[in-house]
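Here's the structure we're looking at; comments come further down.
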Amino acid sequence: MKSLQKLATIALAIILMGSCTAQEEATTLKDALKDYFYIGTALNVPQVAGQDPQAIEIVKTHFNSVVAENCMKMMYLQPEEGVFFWDEADAFIEFAEANDMQVIGHTLVWHSQAPRWMFVDENGDQVSRERLIERMKTHVQTVVERYKGRVHGWDVVNETILDDGSWRQSPWVRIIGPEFVQMAFEFAHEIDPDVELYYNDYSVSRPEKRDGIYNMVKDLIDNGVKIDAVGLQGHLSMDFPTVEMKEEALQKLASLGVKVMVTEMDITVLPWPSRRHSAEVSLNYEISDEYNPYPNGLSEESYTALMDKYVDFFEMFMRNKDIISRVTVWGVDDNQSWRNNWPIRGRTDYPLLFDRDYQPKSAVTRIIELANAKKQ
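In mature numbering (1 follows the signal peptide of the UniProt record, and there is no 0), the protein residues as written are -22 to -1, 1 to 354.
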């Protein structure tokens, strides 16, 4: 009888332990996904300055990686040649450090949001190749040196391959040539040999662009260049790309022996004003009711479809945790998403995981539950 009682006691203890385990399941994104990858978000200057405390509370609760939306881009850090403005970037770094968050530096070299002086000489003519190389080196190394040991990884070069897989004919390519990419990586590595270095681009699910990036990264690796990961931007729509296309791109690039990251993720539910989807920041169209169908809130059908899309992508990300090091959404809540003003200014979009009232959408709970279930 005593043996039976002892067995019953042990069984009860096991049940109670299981109950406690269930009660201790993760309830935030960063806790649920900690065994999969970092979960990040982009922060803007007002948020870091304390002007949006509700958004900051979300960041502290749910995210363990942050990237500056704009303040670490070239035109903001060096608005005049040799004159660096550090205040906003310093504040961003200090916020991340105070909250024990992984810091991603975005971005060192990009054709967009570069200062006007970068590509011209004192007479307003095109700058010489030698001088542009020196300007790029000075910028990259000055910025990397300032934040050495404080930044986990840098988006060294951003968006230099077009949708057809060819080189974007930006001033960097026209004046220096495609070798500017290797130079930028080498300049950064020279100053901080330990920091991770990334290439970042959009629409990588397109086979032609994916292959163009693959070939570029392979050439860098073959030339002995340190490149740790490729960032695949996640500016998605409801019909492009498919989960399968995104997964194929992730896996192909990872086959080069680098990590992959999903960067800048948001999903627009709004109709696209052209035949071809893109994340080209220079696009600009006129607003009309046709392209702003949800000014007062999503329909139930559209909301459900959006949530399903988010969950489907995160399920795929979790399935590929061995190659994905980070997933970053491009913004905290719908109210401050760039999607409201691009490619049509003044639209009302719903692309993020938290709504305009700072409340988590149902996809947040579903992603957490999915992550918890996969751990069991």
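Backbone N, C-alpha and C define an ideal beta-carbon position, used for all residues, glycine too.
Per DSSP, the bridge partner or partners of residue i
i: isoleucine 17; result: Val305
i: valine 61; result: Glu58
i: isoleucine 82; result: Val45 and Gly131
i: tryptophan 145; result: Ile139
i: tryptophan 95; result: None; tryptophan 95 has no bridge partner.
i: serine 215; result: Thr246
i: aspartate 267; result: Looking at the DSSP assignment, aspartate 267 forms no beta bridge with any residue, so it has no partner.
i: threonine 241; result: Gln211
i: glutamine 119; result: According to DSSP, which records beta bridges pairwise, glutamine 119 is partnered with nothing at all.
i: glutamine 314; result: None; glutamine 314 has no bridge partner.
i: glutamine 104; result: Val98
Closest Cα partner of residue i within the set the options
i: proline 329; options: Tyr269, Leu348 and Met216; result: Met216
i: glutamine 314; options: Ala20, Ala10 and Asn178; result: Ala20
i: methionine 294; options: Thr241, Asn274, Val221 and Glu268; result: Val221
i: glutamate 75; options: Leu110, Tyr125, Pro57 and Lys115; result: Tyr125
i: valine 310; options: Glu47, Ala4 and Asp9; result: Glu47
i: asparagine 298; options: Glu268, Glu157, Glu264 and Ala227; result: Ala227
i: aspartate 133; options: Thr116, Ile82 and Asp244; result: Ile82
i: threonine 326; options: Glu72, Ala10 and Glu268; result: Glu268
i: tryptophan 316; options: Glu157, Phe73, Val236 and Met243; result: Met243
i: residue 357; options: Ile346, Arg188, Thr116 and Val129; result: Look at the range of the chain in this structure, -22 to 354, and you will see that residue 357 is not part of it.
i: leucine 234; options: Ile199, Arg344, Phe73 and Val182; result: Ile199
i: valine 61; options: Glu35, Val44, Ile17 and Arg113; result: Arg113
i: glutamine 32; options: Asn350, Ile345, Asp335 and Ile346; result: Asp335
i: glutamine 160; options: Val182, Val240, Asn77 and Lys115; result: Lys115
i: glutamate 35; options: Tyr281, Leu276 and Gln337; result: Gln337
Sequence-distant residues of its chain with Cβ nearer than 6 Å to residue i (five each side left out)
i: tyrosine 177; result: Val135 and Val208
i: aspartate 189; result: Gly143
i: asparagine 270; result: Arg325
i: tyrosine 16; result: Asn42, Ser43, Gln80 and Arg304
i: isoleucine 153; result: Arg107 and Leu110
i: arginine 344; result: Val289
i: aspartate 312; result: Tyr328, Leu330, Asp333 and Arg334
For residue i, the three-state DSSP class (helix, strand or coil)
i: tryptophan 250; result: coil
i: serine 43; result: strand
i: histidine 167; result: helix
i: lysine 51; result: coil
i: methionine 296; result: helix
i: valine 87; result: strand
i: isoleucine 205; result: coil
i: arginine 334; result: coil
i: tyrosine 176; result: strand
i: alanine -1; result: With a pLDDT of 44 at alanine -1, under the threshold of 50, the modelled position of that residue is not reliable, and the figure given next carries that caveat. The answer is helix: DSSP assigns alanine -1 an H, G or I state.
i: glutamate 157; result: coil
i: arginine 344; result: helix
i: residue 358; result: Because the chain in this structure spans residues -22 to 354, residue 358 falls outside the shown range and cannot be described.
Alpha-carbon to alpha-carbon, residue j and residue i
i: glutamate 164; j: glutamate 123; result: 14 Å
i: lysine 224; j: valine 121; result: 32 Å
i: glutamine 289; j: aspartate 206; result: Correcting the residue identity first, residue 289 is valine in this sequence and not glutamine. If you take the alpha carbons of valine 289 and aspartate 206, they lie about 27 Å apart.
i: glutamine 354; j: histidine 40; result: 21 Å
i: valine 195; j: valine 203; result: 9 Å
i: residue 434; j: arginine 304; result: It is not possible to answer for residue 434, since the shown part of the chain is limited to -22 through 354.
i: glutamate 58; j: alanine 92; result: 11 Å
i: histidine 89; j: phenylalanine 158; result: 12 Å
i: leucine 210; j: valine 247; result: 20 Å
i: glutamine 104; j: valine 307; result: 37 Å
i: histidine 117; j: methionine 96; result: 10 Å
i: leucine 11; j: valine 151; result: 39 Å
i: leucine 214; j: arginine 184; result: 12 Å
i: phenylalanine 291; j: serine 106; result: 45 Å
i: glutamate 174; j: glycine 127; result: 11 Å
i: glutamate 186; j: aspartate 141; result: 6 Å
i: valine 44; j: alanine 162; result: 23 Å
i: threonine 85; j: lysine 352; result: 34 Å
i: glutamate 72; j: methionine 53; result: 21 Å
i: valine 87; j: alanine 27; result: 26 Å
i: isoleucine 245; j: alanine 232; result: 23 Å
i: asparagine 350; j: glutamate 100; result: 59 Å
i: aspartate 197; j: glutamine 25; result: 39 Å
i: threonine 5; j: valine 240; result: 22 Å
i: glutamine 56; j: glycine 212; result: 28 Å
i: serine 181; j: phenylalanine 218; result: 9 Å
Nonlocal neighbours in the same chain, by C-beta distance under 7 Å from residue i, ignoring five residues either side
i: cysteine 49; result: Val23, Glu66, Ala67 and Phe70
i: lysine 237; result: Asp206, Ala207, Ile301 and Ser303
i: alanine 341; result: Met285, Tyr288, Val289 and Leu331
i: asparagine 319; result: none
i: glutamate 347; result: none
Residues of its chain near residue i, where Cβ-Cβ distance is below 8 Å and the 5 sequence neighbours each way are ignored
i: glutamine 119; result: Phe165, Ala166, Glu168 and Ile169
i: proline 249; result: Glu268, Tyr269 and Pro271
i: isoleucine 139; result: Trp145, Arg146, Asp179, Lys187, Gly190, Ile191 and Met194
Proximity test, residue i beta-carbon vs the ligand HEM heavy atom, cut-off 6 Å
i: glutamine 314; result: Although the ligand HEM was asked about, the structure shown includes no ligands whatsoever.
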